[in-house]
Each structure stands twice: as structure tokens, then as C-alpha cells.
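Below is one structure, written out as C-alpha cells; comments come after it.
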Amino acid sequence: MIRVVTFDAAGTLIRLLQPPGVIYAEEARLFGYILDPVRLQGAFRSTWKTFAPPPESATPCSDDDREWWRRLVVKTMEEARYRIIPFDDYFSTVYRAFARPGVWELLPDVPVILTELRRLGIRLGVISNFDRRLYEILTGLGVIDAFEHIVISSEIGVRKPAARIFQVAARRFNVETPEMLHVGDEDGADLRGARAAGLNALLVDHEVSRLSSIVSCLSGEADSR
Numbered sequence: 077m078i079r080v081v082t083f084d085a086a087g088t089l090i091r092l093l094q095p096p097g098v099i100y101a102e103e104a105r106l107f108g109y110i111l112d113p114v115r116l117q118g119a120f121r122s123t124w125k126t127f128a129p130p131p132e133s134a135t136p137c138s139d140d141d142r143e144w145w146r147r148l149v150v151k152t153m154e155e156a157r158y159r160i161i162p163f164d165d166y167f168s169t170v171y172r173a174f175a176r177p178g179v180w181e182l183l184p185d186v187p188v189i190l191t192e193l194r195r196l197g198i199r200l201g202v203i204s205n206f207d208r209r210l211y212e213i214l215t216g217l218g219v220i221d222a223f224e225h226i227v228i229s230s231e232i233g234v235r236k237p238a239a240r241i242f243q244v245a246a247r248r249f250n251v252e253t254p255e256m257l258h259v260g261d262e263d264g265a266d267l268r269g270a271r272a273a274g275l276n277a278l279l280v281d282h283e284v285s286r287l288s289s290i291v292s293c294l295s296g297e298a299d300s301r
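Residue numbers (our numbering): 77 to 301.
Written out as C-alpha cells, the structure reads:
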């Protein structure tokens, strides 16, 4: 019996309104620089593909995720052959920009699915390879109160698909992993990672065409409790 549904964040619950390169260029204007957003986006995509993920740590620090993003922005600027002075001030502005809810939006059927799952008595959570800015984003988008627990890699010290991040979520909910369903948009991190940890899992746009289809998967079971 599924008692808990957890969601990945970016790409499942939320998405950027504009590509990172556009945001980088917009924030650069505050410092007097006119940068090509297309060039920046190309540099960002190239850097993202090859940039090592944040290292796992048994004792993660609050600044770990920020420093990782700083290095990524440095590399992106180098790839685009841009230089901004003072860089640290620019990076702080960019980092804060991605915490603003106005930069993100909920995917279209998220409010409906969250409301319906709660009506069915399903407990909700988030398991994400995001950083601490996720709390501010979900608060600004008006959905943070829907989630009983939010488990993010930068606080746990491990990333999906590692089993431990899913096990931490199960302990917080005080349920067994077979009583959980994880929904995400990445085959490795979400689908295979969750299943390897003992959870049920659904891949958005693959096993279900829309998030709202989750309700039909669970409603019969939930109504029979």
C-alpha cells in the first residue's frame, strides 16, 4: 500500500522560466556588462555536461552548494570568454537570482496533483539533488506547506541515485520503502535509483504521461483503505 509520494524538484515539480544563459546575461547588466545570452547558454550547457557533481560528504557544510555553483559559473564564463569584475559580487547576485520564485514556475498540473493526493490521504515529500535554495523557491511558489518532508542532497551529503537519500526519506516518514512512490524525470537518478532503494517509482512522461495520472494509479488503492 502506497502511503507516501515523493517528488523530484527541477523538471518534475518546477522548471525555469528562462534558460540559465539568459539569467546570467540579465544579472550582468546590473554591473554594466552586455553579454550574449545565447553564447552564455551554450557555454553553460557545455560546462554542465562535463562538470563534476558536488562531492559526497558525511558532514556537508551550508556553503558547499554555493561554492560548487561558484566554480560552475567561473567555468561557464571562461568557456564563453567573458570576464566580469567584480566577479564575487556578480556571482552573489546570480546565485540569489536563482532563489527567486519569479525565475521558476510550477509545472502545469502540479497544484492539482498535490491537492488531490492530499485529499486521498497520501503524505507528500520531495527528494531532490537540489540545494538549500529549494525551500525559498517552493515557499515563493506557494506549495511548500504541501510537503511533510523535503530531503535535498546538499543537506544529506549524498545525491540520487544513492540509496541512502531515499532511505533517509523513509526514516523521516517512518514508513518502509515499499510504502513509498517516487516520481521524477530522470531514469538513472529517479527511476532506477528509487527502485534500487526499494521504493516504487514512476518516470514523468514515460510511465505516466502527466503528473495528474498519478492519482488514477493510486486512487483505487487509497479509496479502499
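Just so it is clear, CB atoms sit at the ideal spot from N, CA and C, and this is done for glycine as well.
What you are looking at is a predicted structure, and each value in this text was computed from that prediction instead of being measured.
Per DSSP, the unbroken alpha helix (DSSP H) holding E155 starts and ends at D140 to A156. With fewer than 16 other Cβ atoms inside 10 Å of its own Cβ, D281 counts as exposed. Secondary structure at V259: strand, using DSSP grouped into helix, strand and coil. The Cβ atoms of I290 and I189 lie closer than 8 Å to each other. With a 10 Å radius around the Cβ and a threshold of 16 neighbouring Cβ atoms, V80 comes out buried. Contact between F249 and R199 holds: CB atoms are separated by about 6 Å, below the 8 Å threshold.
Per DSSP, the continuous alpha helix (DSSP H) segment holding F120 begins and ends at P113 to T126.
Rounded to whole angstroms, T253 and T191 show a C-alpha spacing of 23 Å. Looking at the backbone, the Cα of A238 and that of R105 are separated by about 40 Å. A Cβ-Cβ separation of about 7 Å places V202 in contact with V227 under the 8 Å criterion. Secondary structure at T82: strand, using DSSP grouped into helix, strand and coil. Contact between the region 256-266 and the region 211-226 is not established, with fewer than three Cβ pairs separated by less than 8 Å. Counting the other CB atoms within 10 Å of its CB gives P184 a total below 16, which places it among the exposed residues.
For I232, the enclosing alpha helix (DSSP H) starts and ends at S229 to I232.
Note that the C-beta distance between T152 and L116 is below 8 Å. Beta-carbon to beta-carbon, E155 and S122 are separated by about 6 Å, close enough to satisfy the 8 Å threshold. Around the C-beta of P130, 16 or more other C-beta atoms lie within 10 Å, and the residue is accordingly described as buried.
Between R208 and D141, the C-beta gap is smaller than 8 Å, which places the two residues in contact.
Between F206 and A86 a beta carbon distance of about 6 Å is seen, short of the 8 Å cut, so the two are scored as contacting.
In the DSSP assignment, V202 falls within the beta strand (DSSP E) that extends over R199 to S204. In this structure, DSSP gives V280 an extended state, which the three-state scheme calls strand.
E181: not part of any alpha helix (DSSP H); member of the beta strand (DSSP E) spanning W180 to L182, first to last residue.
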